[in-house]
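Just so you know, we're using my numbering here: the sequence shown kicks off at 1 and counts up by one.
Glycine is no exception: its CB is placed at the ideal position from the N, C-alpha and C atoms.
Bear in mind that the values here come from a model prediction, so they are computed numbers and not experimental data.
Contents: one structure, followed by commentary.
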Amino acid sequence: MKWFQRIGIRSKLLGIVAVMLLGLGAVFLWIFNSRVKTTAHNEMLTQASRIVDTAESVRQGMEDKWKSGVFSQEMLAEFAEKGETDKVLDTVPIVTAWTAVMRRAKEGGYEFKTPKFNPRNPSNEPDAIESEALNLFAADPKRTFYSVIDKEKNAVRYFRPIRLTSECMLCHGDPKTSKELWNNDEGLDPTGYHMENLAVGDLHGAYEVTQSLDASNAAAKAAVFNGAMVIACALGVCCAILAWLLNYSLIKPLLKCTDAFARLVSGDLRTKLDVTSEDEVGRLQAGVNALTERMRGMILKMQHTSQELNEVSGGLSETAVRVEGAASNTSLRSNTVAAAAEQMNVAMQSMGQSLRQVGTSVQSVTTATSRISANAESVAKNSTEAVTITKQASSLAADGSERIRELGIATAGVGKIVDLIEDIAGQTNLLALNATIESSRAGEAGRGFAVVATEVQQLARRTSDATTGIRDEIESIQRIAERVVASIKSIEEVSQLVTNKADEISMSAAEQEQAIQTVVGQLSEIANNTEAVSAGVEQSVSAAQEVAEKIAEVSTIATETSREVNATKQAGGEIQRVGGEFNQLLTEFSV
Numbered sequence: 001m002k003w004f005q006r007i008g009i010r011s012k013l014l015g016i017v018a019v020m021l022l023g024l025g026a027v028f029l030w031i032f033n034s035r036v037k038t039t040a041h042n043e044m045l046t047q048a049s050r051i052v053d054t055a056e057s058v059r060q061g062m063e064d065k066w067k068s069g070v071f072s073q074e075m076l077a078e079f080a081e082k083g084e085t086d087k088v089l090d091t092v093p094i095v096t097a098w099t100a101v102m103r104r105a106k107e108g109g110y111e112f113k114t115p116k117f118n119p120r121n122p123s124n125e126p127d128a129i130e131s132e133a134l135n136l137f138a139a140d141p142k143r144t145f146y147s148v149i150d151k152e153k154n155a156v157r158y159f160r161p162i163r164l165t166s167e168c169m170l171c172h173g174d175p176k177t178s179k180e181l182w183n184n185d186e187g188l189d190p191t192g193y194h195m196e197n198l199a200v201g202d203l204h205g206a207y208e209v210t211q212s213l214d215a216s217n218a219a220a221k222a223a224v225f226n227g228a229m230v231i232a233c234a235l236g237v238c239c240a241i242l243a244w245l246l247n248y249s250l251i252k253p254l255l256k257c258t259d260a261f262a263r264l265v266s267g268d269l270r271t272k273l274d275v276t277s278e279d280e281v282g283r284l285q286a287g288v289n290a291l292t293e294r295m296r297g298m299i300l301k302m303q304h305t306s307q308e309l310n311e312v313s314g315g316l317s318e319t320a321v322r323v324e325g326a327a328s329n330t331s332l333r334s335n336t337v338a339a340a341a342e343q344m345n346v347a348m349q350s351m352g353q354s355l356r357q358v359g360t361s362v363q364s365v366t367t368a369t370s371r372i373s374a375n376a377e378s379v380a381k382n383s384t385e386a387v388t389i390t391k392q393a394s395s396l397a398a399d400g401s402e403r404i405r406e407l408g409i410a411t412a413g414v415g416k417i418v419d420l421i422e423d424i425a426g427q428t429n430l431l432a433l434n435a436t437i438e439s440s441r442a443g444e445a446g447r448g449f450a451v452v453a454t455e456v457q458q459l460a461r462r463t464s465d466a467t468t469g470i471r472d473e474i475e476s477i478q479r480i481a482e483r484v485v486a487s488i489k490s491i492e493e494v495s496q497l498v499t500n501k502a503d504e505i506s507m508s509a510a511e512q513e514q515a516i517q518t519v520v521g522q523l524s525e526i527a528n529n530t531e532a533v534s535a536g537v538e539q540s541v542s543a544a545q546e547v548a549e550k551i552a553e554v555s556t557i558a559t560e561t562s563r564e565v566n567a568t569k570q571a572g573g574e575i576q577r578v579g580g581e582f583n584q585l586l587t588e589f590s591v
């Protein structure tokens with residue numbers, strides 16, 4: 001069927017209509033031919049019936065003559081005695097009838113015969129069709145005629161039964177009457193044939209009229225040929241009119257639609273068809289116009305969207321650069337904070353070592369004081385040593401106080417850095433929020449960047465949480481440092497008091513015992529305070545380590561942020577590339 005698909009629609013429609021008209025013409029000619037043949041057949045049957053009616057009329061006329069006495073049995077007997085068989089036959093009604101009909105057979109264009117079973121004339125011996133007709137008449141006495149088309153002879157054969165009357169009994173009646181009628185004992189009739197012992201109404205034979213169909217077939221062919229010529233002319237006129245109608249109402253509009261579609265395929269969206277009708281073709285033209293308008297609107301909208309996409313991708317790249325800078329700044333500052341935390345850790349360890357030395361010194365002072373209490377005689381000598389030891393304790397306490405102040409300064413610096421990190425995290429969160437808004441404006445193309453922006457926002461949130469934890473730890477360190485400073489101040493005061501007491505011991509031995517007891521109590525308090533300060537310093541060291549861990553986590557988050565920002569920059573570049581290709585495709589359309 002590929003060849004059919006390559007044919008134009010005009011040729012297809014004309015071909016289909018021509019085939020349909022030819023089919024209708026063929027059916028019409030077949031029906032017309034059948035009607036012509038049927039009419040010819042009926043006319044032949046009518047003519048045959050008239051011929052047989054003529055024969056029956058002649059026969060009836062002869063029988064009337066017998067009844068009126070024109071002919072008689074005695075006359076036939078006289079003809080028979082004289083051997084004038086022809087005259088005998090001329091008086092027989094049926095013989096007179098077929099003789100009269102046969103006389104006009106050639107001019108009438110027919111053949112006449114009276115077939116009969118066991119005929120006296122061998123030429124009347126029935127063939128197969130005649131036997132069938134005789135059997136039908138014998139089986140059905142009421143049947144008046146029978147006709148059939150003999151295809152071998154190409155002829156119509158018409159039969160009508162011949163039934164015996166009373167006049168026929170003279171020759172076909174009871175053989176016993178031959179003596180009386182024909183003066184013989186053999187049962188012979190006047191013509192010398194045996195009488196059949198038939199009765200009135202019995203079938204004797206049949207009239208048969210055979211008419212050739214050659215002339216009617218020729219007439220039918222001529223009529224069919226003439227009809228075919230008329231149909232051919234009508235078909236030509238119809239095809240011409242149809243071609244004009246198709247060309248005006250279908251082909252030209254379809255060609256215009258095809259041209260419009262070709263322009264659409266080439267990217268020209270400025271075509272508009274003139275709708276000239278309200279039928280299917282008109283609706284097709286209107287549909288093409290609607291499609292063109294819709295595509296034009298879509299292309300314009302896509303161009304606008306592409307422009308917005310390029311703007312969004314540009315803003316996305318700028319945002320990514322800003323976020324990358326902020327992440328780098330965060331990483332640098334977190335490194336600075338880490339270094340400060342490391343210094344703070346070292347300072348706290350040094351302070352812890354100093355506090356352990358203070359504890360050792362206080363223990364030594366306590367031991368010395370016990371010795372003073374045990375040996376009152378050595379008070380003067382040992383008081384000088386106690387003053388010296390007390391001065392050392394005061395010096396160590398002052399050194400511890402200085403280290404604690406350095407710790408406070410360091411923690412204050414860490415607090416500033418933590419504030420800076422928290423500010424950077426807030427800026428990062430704000431930039432991530434802006435990136436999320438820009439990606440939502442980009443639609444489907446910015447969905448990947450939206451995921452990246454969300455990850456950046458989560459990292460900023462984690463950074464903020466980490467800085468909050470660092471601030472809490474720093475505040476804890478500051479509180480512990482304040483407690484340590486207060487304890488060291490107590491140590492300084494006690495040390496000064498010990499010194500004063502030692503001087504008083506030197507000046508007044510009387511008051512030595514009481515002063516020693518006071519020193520012992522104060523030294524016990526110093527020992528307790530020293531232990532508390534040492535525990536606070538250990539807590540500060542742990543807090544400093546946690547600060548270092550938090551700062552390391554901030555640095556890791558900043559690194560991840562930088563990596564995600566790089567991915568964001570790549571996504572923005574990819575969006576710009578896709579937007580450029582999209583614009584390049586849109587330039588192929590003319591709107």
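Item: Beta carbon of A40 nearer than 8 Å to that of L134; Value: no
Item: Beta-carbon gap between L29 and G236 smaller than 8 Å; Value: no
Item: Spatially closest choice to L164 from V148, T436, K116 and C238, by CA coordinates; Value: K116
Item: Neighbour-count burial assignment, V101, 16 or more Cβ in a 10 Å radius; Value: buried
Item: Where the alpha helix (DSSP H) containing V70 begins and where it ends; Value: V70 -> no alpha helix (DSSP H), and no H or E assigned at all.
Item: Supposed contact pair I129 and V148 - C-beta distance, whole angstroms, cut 8 Å; Value: 6 Å
Item: A222 versus D214 - alpha carbon distance; Value: 12 Å
Item: Inter-residue spacing [alpha-carbon to alpha-carbon] between N217 and W98; Value: 28 Å
Item: A243 (DSSP reduced to helix, strand or coil); Value: helix
Item: Distance CB(V254)-CB(V281) smaller than 8 Å; Value: The sequence given here has Leu at residue 254, not Val. Closer than 8 Å, so yes.
Item: Start-to-end residues for the beta strand (DSSP E) that takes in K142; Value: Premise fails: K142 is in no beta strand (DSSP E) and is neither H nor E.
Item: Contact belief for V592 with T191 at Cβ below 8 Å, rounded distance in angstroms; Value: Summary: the structure shown does not reach residue 592, with the chain confined to residues 1 through 591, and so no result is reported for it.
Item: Buried or exposed (CB count within 10 angstroms, at least 16 for buried), F225; Value: exposed
Item: Same chain only: Cβ atoms within 8 Å of T260, ignoring 5 sequence neighbours per side; Value: Looking at the sequence shown, residue 260 is not Thr but Ala. Excluding residues within five positions, the ones whose Cβ falls inside 8 Å are T271, L273, V288 and T292.
Item: Sequence-distant residues of the same chain with beta carbon closer than 8 Å to V92, five excluded per side; Value: M62 and C171
Item: Close-in-space but distant-in-sequence residues of the same chain around E455 (CB under 6 Å, 5 per side omitted); Value: E564
Item: Residues bridged to T676 [DSSP beta-bridge criterion]; Value: Absent from the structure is residue 676, since the part of the chain shown begins at 1 and ends at 591.
Item: Any C-beta of chain C under 8 Å from that of R563; Value: Protein chain content of the structure displayed is limited to a single chain, and chain C is not contained in it.
Item: Sub-8 Å separation of R120 and T144 beta-carbons; Value: no
Item: Meets three-Cβ-pair contact criterion under 8 Å: the segment 9-19 and the segment 174-192; Value: no
Item: Local Cβ density within 10 Å of I7, reported as buried at 16 or more and exposed below that; Value: exposed
Item: For R563, the three-state DSSP class (helix, strand or coil); Value: helix
Item: V200 beta carbon less than 8 Å from that of M169; Value: yes
Item: D189 classed as buried or exposed, judged by whether at least 16 other C-beta atoms fall within 10 angstroms; Value: buried
Item: C-alpha gap between R103 and K67, whole angstroms; Value: 26 Å
Item: 4-residue-minimum alpha helix (DSSP H) runs that sit fully inside the segment 173-220, ordered along the chain; Value: 178-182
Item: Extent of the continuous beta strand (DSSP E) run through V156; Value: A155 to R163
Item: Contact check, E473 vs E546, beta carbons under 8 Å; Value: yes
Item: Where the alpha helix (DSSP H) through F112 begins and ends; Value: No alpha helix (DSSP H) holds F112; the beta strand (DSSP E) holding it covers E111 to K113.
Item: For D64, the three-state DSSP class (helix, strand or coil); Value: helix
Item: Distance CB(Q457)-CB(N429) smaller than 8 Å; Value: yes
Item: Separation of N124 from G23, as counted between CA atoms; Value: 48 Å
Item: Helix, strand or coil at V148 [DSSP, three-state]; Value: strand
Item: Residue from Q285, Q73 and L264 with nearest C-alpha to L181; Value: Q73
Item: Exposed unless 16 or more other CB atoms sit within 10 angstroms - verdict on E81; Value: exposed
Item: Contact check, F137 vs L198, beta carbons under 8 Å; Value: no
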